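Below is one structure, written out as structure tokens, with a few remarks after it.
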Amino acid sequence: MKMSFKIFSTTLIVFLIMTSSAVYSMLKISEINDQLHLISKVYNPLRNFASEIEIVFLEESVEIERIEKIESEINELNFKKGKILEKDVVKNVKDEEIEYKNKENNGAIEAELSQLTTELSSDVKLYEKYFTRVSELVKIVESELEKAQKLTKNISEKIALAGLKSTVVAIELQHENFHERSISLINNQDILIKNRLKLEAQLAGDADQLIVQLDKLREEITVFSDKAIERAAELESHALNGAIIATIAAGLISIILSSIVIVGMLRPMKALSAGVKRIEEGDLDIKLVARSRDEVGSLTKSFNSMAAGLRSTQQIKDTFGQYVDPRIVSNILGDGIEAEDGRKEIASVYFSDIVGFSGLSEKFTPSGVVKLLNRYFDLMSGSVSDREGVIDKYIGDAIMAFWAPPFCVQNHCASYSVEAATQNIKKLKEFQRELPELTGLRQGAPRLEQRIGLATGDAVIGSIGSENSKNYTIIGDTVNLAARLEAANKIYGTELLVCERTANSAGKVDFRLVDKITVYGKTEPNFIYTVMNQENLSGDEQKEIIGISQFAFSEYTSGDFDKAINSYKNILKINPSDSIATIFLSRIECLKAKNNDKDWDGVWHTSKD
């Protein structure tokens with residue numbers, strides 16, 4: 159049985175179980191939604207409407223009492239007015255002062271009666287408004303109860319809601335009776351006190367009974383709401399339990415079926431895992447045995463083919479990596495770079511050479527020379543490779559290297575090349591200490607010196623050569639400039655010379671201006687610099703020499719040789735062994751003897767050698 163079919167069967171069974179659980183849960187959730195809809199859209203609004211009916215009705219009752227109070231005050235004022243008129247008639251008062259006073263009292267009573275009559279009219283309108291609002295709310299409650307009857311699927315609940323609707327109809331009739339008695343009381347102000355008190359008592363009884371009915375209505379609606387909440391909770395519990403049971407069942411079945419599949423896969427997969435780990439550790443000689451005919455067996459065969467391919471590739475890399483930079487080999491074999499196409503890059507180029515090695519090599523046997531050079535190249539190349547540089551070639555005792563994309567980030571090329579060069583100057587001293595053991599000369603071991611040139615600029619990089627033999631290398635004016643700067647070290651007695659672009663791009667390095675020259679074959683002048691890293695000078699002394707060198711060279715190029723001589727002599731006071739200052743003092747004397755100030759441009763022209 160194919161592995162894919164086993165996995166598919168397991169997945170299908172689990173899927174069917176989970177689908178059934180999902181359908182069941184969806185049905186229960188639908189029922190829960192129905193109950194929640196009843197609660198939120200019907201029962202809660204019903205309860206709110208019932209509460210609002212009671213509140214408005216209470217306001218209606220209060221308004222009736224207010225109307226009765228106003229009517230009572232009106233009756234009392236009318237009685238007072240009648241008394242005053244009666245006294246005037248009986249006494250037939252002729253006194254003008256008393257007559258004026260009675261008129262004034264009648265005027266006050268008339269004003270108060272007018273105000274109370276206005277208030278009475280306003281309160282009667284407000285009372286009618288409350289009555290109308292209660293009637294509207296009762297109709298709304300009836301409508302909502304009909305909606306609830308349609309929405310609920312429970313038969314007993316439908317019957318109970320029908321009974322509740324009857325209660326609402328009774329409340330409506332009772333409220334209308336209350337209204338009729340209230341209107342009768344309002345419109346019949348002149349009825350006897352005994353009859354009025356009886357009517358008021360009936361109104362109070364009706365109001366109390368109506369309040370009781372409204373409280374009962376609200377409580378019954380609350381019961382319906384609570385039952386709907388209980389049903390929703392019960393449905394939710396059923397849905398949750400169903401989902402739990404289905405999940406557990408699906409999990410158990412999945413575990414059982416997966417265990418069966420895994421047991422069949424475990425042994426060969428463990429072997430594959432161990433094989434991959436051995437390959438990661440560099441053991442490419444591994445070969446696994448295919449124990450099944452399923453996908454794992456096919457994977458095992460593919461693994462063996464991959465291991466064989468890796469062995470072949472590694473053998474190629476190991477062989478050619480000794481002759482070409484391993485990164486170039488990896489990129490060419492992995493199609494990481496377009497090896498056939500040249501491309502223009504801004505690169506930093508490195509040239510170094512051992513001073514007088516040809517003469518030194520005559521003192522040693524061929525094997526001794528090879529041993530000496532191999533150790534020298536091992537030390538020097540390490541500094542280059544550790545800083546992402548590419549060893550281009552070894553020419554006798556010379557090294558050519560470069561820094562350029564994709565092997566090095568563009569912004570780091572110059573600084574890495576300077577770091578490698580200064581490190582190799584230090585490593586030459588280490589190599590000098592190894593010479594007695596390497597050469598077998600405990601006494602009189604040769605003193606080695608090297609010269610390094612660095613240049614940064616445009617260059618072409620790519621595979622150059624014939625169809626049968628190619629070399630991945632770098633060419634261009636920048637390469638020629640680096641080679642000329644390496645040779646120019648012998649003019650100034652320096653170990654390292656760099657071009658202006660290298661100095662400007664290298665970053666946190668202290669450079670000393672040396673000269674402005676044109677190299678052989680070029681007409682464009684270049685400022686050249688060397689790195690200030692002399693161990694016999696303090697940091698302040700080195701900075702002072704850098705500053706004096708800048709000033710001295712400025713005077714030198716402007717033709718003010720006397721000031722230049724003084725400045726270079728000041729450098730010798732700080733460092734008596736300074737070769738650059740010594741060279742310039744000698745050169746200035748020659749220039750002064752020639753007396754060619756008119757033709758002087760401050761540029762020194764170097765020869766081919």
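Last residue of the sequence shown: 767 (this note's numbering), numbering continuous. Glycine is no exception: its CB is placed at the ideal position from the N, C-alpha and C atoms. Computed from a predicted model, the values in this text were never measured in an experiment.
Alpha carbon to alpha carbon, how far is residue i from residue j?
i, j, result
"LEU194", "GLU217", "33 Å"
"ILE583", "ALA640", "17 Å"
"LEU612", "GLU625", "32 Å"
"SER188", "GLU394", "10 Å"
"GLY409", "LEU322", "50 Å"
"GLY400", "GLN371", "44 Å"
"ASN629", "THR636", "18 Å"
"ASP616", "ARG501", "10 Å"
"LEU204", "GLU388", "18 Å"
"LEU309", "LYS287", "33 Å"
"THR580", "SER716", "32 Å"
"VAL618", "ASP550", "13 Å"
"SER293", "LYS374", "18 Å"
"LYS680", "SER621", "26 Å"
"ASP555", "VAL576", "20 Å"
"ASN171", "THR458", "Residue identity differs from the one stated: residue 171 is Ile in this sequence, not Asn. Rounded to the nearest angstrom, the two C-alpha atoms are 29 Å apart."
"SER416", "THR168", "7 Å"
"ILE298", "SER178", "43 Å"
"GLU682", "THR676", "6 Å"
"VAL548", "VAL689", "22 Å"
"GLU234", "ILE329", "36 Å"
"ILE610", "ALA448", "58 Å"
"LYS238", "TYR201", "56 Å"
"GLU229", "SER280", "13 Å"
"GLN608", "GLN601", "22 Å"
"ASN638", "ILE504", "14 Å"
"ILE437", "PHE461", "10 Å"
"THR340", "THR275", "Here the sequence assigns Ser to residue 340, which means Thr is not the residue at that position. Cα-Cα distance, rounded: 18 Å."
"MET176", "PHE166", "15 Å"
"PHE709", "LYS587", "32 Å"
"ASN697", "TYR687", "The amino acid occupying residue 697 in the given sequence is Gly; Asn does not appear at that position. Looking at the two C-alpha atoms, the distance is approximately 18 Å."
"GLU270", "ILE344", "19 Å"
"ILE741", "ILE649", "8 Å"
"ASN724", "PRO594", "44 Å"
"ASP511", "ASN691", "20 Å"
"GLN307", "ILE313", "9 Å"
Mind checking residue i: buried by the 16 CB within 10 Å criterion, or exposed?
i, result
"PHE173", "exposed"
"MET538", "buried"
"ASP757", "exposed"
"VAL567", "exposed"
"PHE560", "buried"
"GLY651", "exposed"
"PHE509", "buried"
"PRO734", "exposed"
"GLY265", "exposed"
"GLU439", "exposed"
"CYS657", "buried"
"LEU331", "exposed"
"PRO426", "buried"
"ASN346", "exposed"
"HIS763", "exposed"
"ARG605", "exposed"
"ALA661", "buried"
"THR631", "buried"
"ARG659", "buried"
DSSP beta-bridge partners for residue i?
i, result
"ARG670", "THR688"
"VAL780", "Here the chain has residues from 159 to 767 only, and residue 780 is not among them."
"MET558", "PHE509, LYS551"
"ILE632", "ILE619"
"ILE504", "ASP616"
"HIS763", "THR676"
From the beta carbon of residue i, is the nearest beta carbon of chain B less than 8 Å away?
i, result
"ILE402", "In the displayed structure, chain B is absent; only one protein chain is listed."
Under 8 Å by Cβ, that's how I've got residue i and residue j pegged, so tell me the actual separation to the nearest angstrom.
i, j, result
"PHE711", "LEU655", "PHE711 to LEU655, Cβ: 15 Å. No contact."
"THR614", "ALA572", "5 Å"
"ILE732", "GLU702", "6 Å"
"VAL214", "ARG291", "5 Å"
"LYS674", "VAL542", "No, LYS674 and VAL542 are not in contact; Cβ-Cβ is about 28 Å, not under 8 Å."
"VAL327", "ILE211", "Their Cβ separation, rounded to whole angstroms, is 14 Å, which puts VAL327 and ILE211 out of contact at 8 Å."
- Item | Completely contained beta strand (DSSP E) runs for the stretch 671-741, where each covers 3 or more residues | 684-689
- Ranges of the beta strand (DSSP E) found wholly within the stretch 369-412, counting only runs of at least 3: none
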